[in-house]
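Engineer:
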Amino acid sequence: MHLGVPAKCLVNKGDEVKVGQLLASADGFVSANIHSPFSGTVLKIDKALDASGYKRDAVFIGVKGDEWLSTIDTSTQLKKDCRLDPAEIIHRINEAGIVGLGGATFPSHVKLTIPRGKKAEYLLINGVECEPYLTSDHVLMLEKGEELVVGVSILMRALNVEQAVIGIENNKPDAIAHLREIVTGFPNISVQALQVKYPQGGEKQLIKAVLNREVPSGGLPVDVGAVVFNVGTAVAVYDAVQKNKPLIERVVTITGKSLTTPANYRVRFGTPVSALIEAAGGLPEDTGKVINGGPMMGKALADPGVPVVKGSSGILILPEPEAARRQTEPCIRCSRCVSVCPMGLEPYLLMVLGQKSLHERMENEKVMDCIECGSCSYTCPSSRPLLDYIRLGKAEVGKMIRSRKK
Amino acid sequence: MNKLITVSPSPHAHSGESVSKLMYGVVIALLPAMLVSFWFFGMGAIYVTLLSVASCVLFEFLIQKYILKKEPRISDGSAIVTGVLLAFNLPSSLPPFIIIVGALVAIGIGKLTFGGLGNNPFNPALVGRVFLLLSFPTRMTKFPKLEGFNTPVILSDSNISDATTGATPLGIIKEGLGSGETISSLMEKNHLGYADFFMGNTGGSLGEIAAFALILGLIFMLARKIITWHIPVSIIGTVIIFTGILFLADPNQYADPLFHILTGGLLLGAIFMATDYVTSPMTPVGQIIYGVGIALITVIIRVFGAYPEGISFAILIMNAFVPLINRYIKPKRFGEEVKNG
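Residue numbers (our numbering), protein chains in the order written: chain S, 85 to 490; chain B, 6 to 346.
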């Protein structure tokens, strides 16, 4: 459900649950609460396949009606004012189980707790939309613009920062115009139009684009005075702090060239991906691949029966001919992978080092800086599986670094 | 769900670029210069080009299939590029066996002994050309007079001196300066003019004579993003600076920068030979160092060395430095120096 330590289950078989009720509580600091997206009876607590293909603990709920906890404000009226102190805001965000909705699902209260000795100067809001095909952040900005901006002001209060910038690529002029109009009432929040450039939705790339600061290798955004949240997260923060509504649903794009009715849906967590595909007109005949996420960083699903979780930003259905990889050819040293790498790495070299298991050299060549954006493999004229080898290398180098610390 | 779906790691999209698309792009960029060579050298140019390309492709196929026992991959177009570039570096009056030997050395020794496409340290076409230049110095430096389709195709040694001339502009200057003449008197006496250099109306190898055709190829490759500007611009820029300094020091002894750019194989080398992916550096800064090195060595050989032209040697020498350049010149890593902007 989120990055970090899995949450501890609080319910038992046979329990009746309501929408918004706590199902599992955060286990430690880097962890997050999980609330019931549905009302009904707990059928069983068992392992279930998730989007990454691993079995995880899951609560199975027999859905009955749609009964919400009475503490949740379900009205659609905008609540602008927030006079809570930062600690209380962070507490509510923690309680609501909010994690980064851009895809990495890092628990938000951890990000809001600035390490001692560091100072956040800017709050950046990521409206870049991480990947091609996905439009969930775009519709959210258009439909929940007011809530988004109030959410941003709450986050600013929690972080005690003076300045917030919402970064949006200029292929979404309607969202830029819409949010610019709303932020006129908020003097310290601005909207910045950015050049369209994958992978600008990456945290470090966004900071570079907006502030022209580079997060040092192995460092955190706050090292350069920035904290970044996705637009979806900001809306979730509004819901949690102003409406007492925990994180139980998100906007998910369902798209693909052969789908009859691609769309964005607000989806409760736990809804099977297959149900979403049915809602979009059913799985097309020529389907070759079902991807949880976008074309560049998404995970191919082995089974569309897996549930939508906090990190699911979209479902992309690729037709057969696009699903298969191309034949790998020898590296012709064209240097396209080097010039395209947003982190300034040399993917061709990392792949060769990976093939030879030279992990120390991979570490020296900064393999751990790789953000796995996929640009190298995308651009390679020889269709070499550069990122595959870099990922394997990162796993090995990661093990090496951890054993060194012990 | 009964349907089988593909599962693979990301990314799930590809740019659609391929080795053969890039190689055929280079072939297209070579076409203007090829047509100019047909125009000025007639049948001789067509015969040298066809034989060179055919032998390169055939040797690639035969060696891969029967000696290396691998799946032949001639369809990627790289052997065609080598064949055209080898032909571009030859005079139009070479006997067939010399061309075939050149192709065998280029593909066999220059490329496949190192493991084929992507693994050769030296530009294969230049390996072939330099081998021929050292082995057949007379035949490699005799160029036919430009008579279009009336240019005789000379294949035997008996009548070679009648219909050919050893005179490339660089050769004339080198020889003339040796006997104490000045640049301007040599240019006048031999009717050397920049317009002729630009249009290709001058002595030389097939592909090197027409500056405009090579520049058209460069524009095409830059527009199609087949190559970047770094190597050609750093070579040409350095040649202008270096020869400019020499020219200002003594215009009677040293030719001006424009002469150096337009004559000999400089543009052919800077645009098509030095930019070979496999044998050039991987980072922009590395490519500029490599280009500057090529230009310096070229000018030193041209001005102070024994040969009138030195770009082939310069590129091969700098090819040898490419692994070293790649080792020490790294791209600027993200977050390496903290900017506070």
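Backbone N, C-alpha and C fix where the C-beta goes; we use that ideal spot for every residue, glycine too.
Just by C-beta distance, which residues in the segment 275 to 296 of chain B are closer than 7 angstroms to chain S?
Structural biologist: Tyr-282, Val-283, Met-287 and Thr-288
Engineer: I want to verify the contact list: residues of chain B whose CB lies under 8 angstroms from the CB of S/Arg-140, in sequence order.
Structural biologist: As a position in the first sequence, residue 140 of chain S is number 56, starting the count at 1. The contacting residues do not exist; S/Arg-140 stays about 18 angstroms from chain B at best.
Engineer: Using the beta-carbon count (16 or more within 10 Å), is B/Pro-101 buried or exposed?
Structural biologist: Taking the first residue of the second sequence as 1, we reach residue 101 of chain B at position 96. Its Cβ having fewer than 16 others within 10 Å, B/Pro-101 is exposed.
Engineer: Within 8 angstroms (strictly less), CB to CB, does S/Val-422 reach chain B?
Structural biologist: As a first step, residue 422 of chain S must be located in the first sequence, where it is residue number 338. Judged by the 8 angstroms Cβ criterion, S/Val-422 is in contact with chain B.
Engineer: Is the distance from the Cβ of S/Pro-391 to the Cβ of S/Pro-368 below 8 angstroms?
Structural biologist: Position 307 of the first sequence holds residue 391 of chain S. Position 284 of the first sequence holds residue 368 of chain S. In this structure, S/Pro-368 does not lie closer than 8 angstroms to S/Pro-391 by Cβ.
Engineer: Check each candidate in B/Gly-269, B/Met-226 and B/Glu-213 and name the one with the smallest Cα separation from B/Gly-176.
Structural biologist: One-based indexing of the second sequence puts residue 176 of chain B at position 171. Nearest C-alpha to B/Gly-176: B/Gly-269.
Engineer: Give me the Cα-Cα distance between B/Phe-309 and B/Val-62, rounded to the nearest whole angstrom.
Structural biologist: Here the question's residue 309 of chain B lines up with position 304 in the second sequence. Here the question's residue 62 of chain B lines up with position 57 in the second sequence. Those two C-alpha atoms are separated by around 38 angstroms.
Engineer: With a threshold of 8 angstroms between beta-carbons, can B/Ile-178 be considered close to chain S, or not?
Structural biologist: Position 173 of the second sequence, counted from the start, is the residue given in the question as residue 178 of chain B. So no, B/Ile-178 is outside the interface.
Engineer: Taking DSSP as the reference, what is the three-state secondary structure of S/Asp-141?
Structural biologist: Against the first sequence, residue 141 of chain S aligns to sequence position 57. The answer is strand: DSSP assigns S/Asp-141 an E or B state.
Engineer: Using a Cβ-Cβ distance under 8 angstroms, would B/His-19 count as near chain S?
Structural biologist: Sequence index remark: in the second sequence, residue 19 of chain B carries index 14 (1-based). Yes, B/His-19 counts as interfacial toward chain S.
Engineer: Taking the alpha carbon of S/Gly-286 as the point to measure from, which residue in S/Ala-142, S/Gly-251, S/Lys-203 and S/Gly-309 has its own alpha carbon closest?
Structural biologist: Your numbering for residue 286 of chain S matches position 202 in the first sequence. Minimum Cα distance to S/Gly-286 is reached at S/Gly-251.
Engineer: Quick one: which residues of the segment 20 to 49 of chain B get their C-beta closer than 8 angstroms to a C-beta of chain S? List them in chain order.
Structural biologist: Ser-20, Glu-22, Ser-23, Val-24, Lys-26 and Leu-27
Engineer: Mind checking which residues open and close the beta strand (DSSP E) that includes B/Ile-71?
Structural biologist: The residue you call residue 71 of chain B lines up with position 66 of the second sequence. Looking at the sequence shown, residue 71 of chain B is not Ile but Tyr. First-last for B/Tyr-71: undefined, no H or E at that position.
Engineer: Taking 7 angstroms as the cut-off, is the beta-carbon of B/Lys-150 closer than that to any non-hydrogen atom of the ligand MG?
Structural biologist: For the structure depicted, the ligand MG is absent and the ligand set is empty, with no information on it obtainable.
Engineer: Interface residues of chain B around S/Tyr-282 at Cβ under 8 angstroms?
Structural biologist: Reading the first sequence from its first residue, position 198 is the one you call residue 282 of chain S. Here the premise fails: no neighbours, minimum Cβ distance about 10 angstroms.
Engineer: Can you pull the DSSP bridge partners for S/Val-249?
Structural biologist: Here residue 249 of chain S is taken as the residue at index 165 of the first sequence, counted from 1. Paired residues: S/Leu-208 and S/Ser-274.
Engineer: Rounded to the nearest angstrom, how far is the Cβ of S/Ile-209 from that of S/Val-236, given a contact under 8 angstroms?
Structural biologist: Taking the first residue of the first sequence as 1, we reach residue 209 of chain S at position 125. Taking the first residue of the first sequence as 1, we reach residue 236 of chain S at position 152. S/Ile-209 to S/Val-236, Cβ: 6 angstroms. Contact.
Engineer: Quick one: complete beta strand (DSSP E) runs, 3+ long, within the segment 171 to 237 of chain S?
Structural biologist: 206 to 210
Engineer: Find the residues of chain B that neighbour S/Glu-227, judging by a C-beta separation of less than 8 angstroms, and give them in chain order.
Structural biologist: Locating residue 227 of chain S in the first sequence gives position 143, where the first residue counts as 1. Residues of chain B passing the Cβ test: none, with the nearest at roughly 28 angstroms.
Engineer: For B/Ile-266, which option in B/Gln-258, B/Leu-251, B/Gly-242 and B/Asp-281 has the closest C-alpha, if you only look at C-alpha atoms?
Structural biologist: The residue labelled residue 266 of chain B in the question sits at position 261 within the second sequence. Nearest C-alpha to B/Ile-266: B/Gly-242.
Engineer: Flag B/Ile-220 as yes if its beta-carbon sits less than 8 angstroms from any beta-carbon of chain S, otherwise no.
Structural biologist: For this step, residue 220 of chain B is matched to residue 215 along the second sequence. B/Ile-220 does not count as touching chain S.
Engineer: Between B/Leu-122 and chain S, is the shortest Cβ-Cβ distance under 8 angstroms, so that the two count as touching?
Structural biologist: Here residue 122 of chain B is taken as the residue at index 117 of the second sequence, counted from 1. Closer than 8 angstroms: yes.
Engineer: Nearest CA to the CA of B/Asp-81: which residue from B/Pro-174, B/Val-53 and B/Val-32?
Structural biologist: What you label residue 81 of chain B is simply residue 76 of the second sequence in a count that begins at 1. Comparing Cα positions, the closest option is B/Val-32.
Engineer: Let's see if you can read the secondary structure: which residues bound the beta strand (DSSP E) around S/Lys-292?
Structural biologist: Within the first sequence, numbered from 1, the residue matching residue 292 of chain S stands at position 208. Element bounds for S/Lys-292: not the beta strand (DSSP E) but the alpha helix (DSSP H), 287 to 295.
Engineer: With a threshold of 16 other CB atoms inside 10 Å of the CB of B/Phe-154, please say whether the residue is buried or exposed.
Structural biologist: For the purposes of this step, residue 154 of chain B is taken as the residue at position 149 of the second sequence. Exposed is the call here.
Engineer: Look at the alpha carbon of S/Gly-366 and the alpha carbon of S/Ala-384, and state the distance between them as a whole number of angstroms.
Structural biologist: As a working note, residue 366 of chain S is residue 282 in the first sequence. As a working note, residue 384 of chain S is residue 300 in the first sequence. Taking the straight line from one Cα to the other gives about 18 angstroms.
Engineer: Would you check if the distance between the CB atom of B/Ala-50 and the CB atom of B/Leu-91 is smaller than 8 angstroms?
Structural biologist: Here residue 50 of chain B refers to the residue found at position 45 of the second sequence. Here residue 91 of chain B refers to the residue found at position 86 of the second sequence. No.
Engineer: Just the Cα atoms here: how many angstroms apart are B/Val-89 and B/Gly-212?
Structural biologist: Here residue 89 of chain B corresponds to residue number 84 of the second sequence, with the count starting at 1. Here residue 212 of chain B corresponds to residue number 207 of the second sequence, with the count starting at 1. Whole-angstrom Cα-Cα distance: 9 angstroms.
Engineer: Quick check: the Cα distance between S/Pro-305 and S/Gly-186, rounded to an integer number of angstroms?
Structural biologist: Sequence index remark: in the first sequence, residue 305 of chain S carries index 221 (1-based). Sequence index remark: in the first sequence, residue 186 of chain S carries index 102 (1-based). The straight-line gap from Cα to Cα measures roughly 16 angstroms.
Engineer: The alpha helix (DSSP H) with S/Pro-403 in it runs from where to where?
Structural biologist: Position 319 of the first sequence, counting from 1, holds the residue named residue 403 of chain S. Not the alpha helix (DSSP H): S/Pro-403 falls in the beta strand (DSSP E), residues 398 to 403.
Engineer: Mapping DSSP to helix, strand and coil, what is B/Tyr-259?
Structural biologist: The count along the second sequence starts at 1 and reaches residue 259 of chain B at position 254. B/Tyr-259: coil per DSSP, three-state reduction.
Engineer: Measuring straight from C-alpha to C-alpha, what distance separates S/Asp-453 and S/Ser-301?
Structural biologist: Here the question's residue 453 of chain S lines up with position 369 in the first sequence. Here the question's residue 301 of chain S lines up with position 217 in the first sequence. For S/Asp-453 and S/Ser-301, the distance between alpha carbons rounds to 6 angstroms.
Engineer: Using the Cβ count rule (16 or more neighbours within 10 Å means buried), how would you classify S/Asn-296?
Structural biologist: Looking up residue 296 of chain S in the first sequence gives position 212. Under this definition S/Asn-296 is an exposed residue.
Engineer: Would you tell me roughly how many angstroms separate the C-alpha atoms of S/Asp-134 and S/Gly-88, rounded to the nearest one?
Structural biologist: Position 50 of the first sequence holds residue 134 of chain S. Position 4 of the first sequence holds residue 88 of chain S. C-alpha separation (whole angstroms): 16 angstroms.
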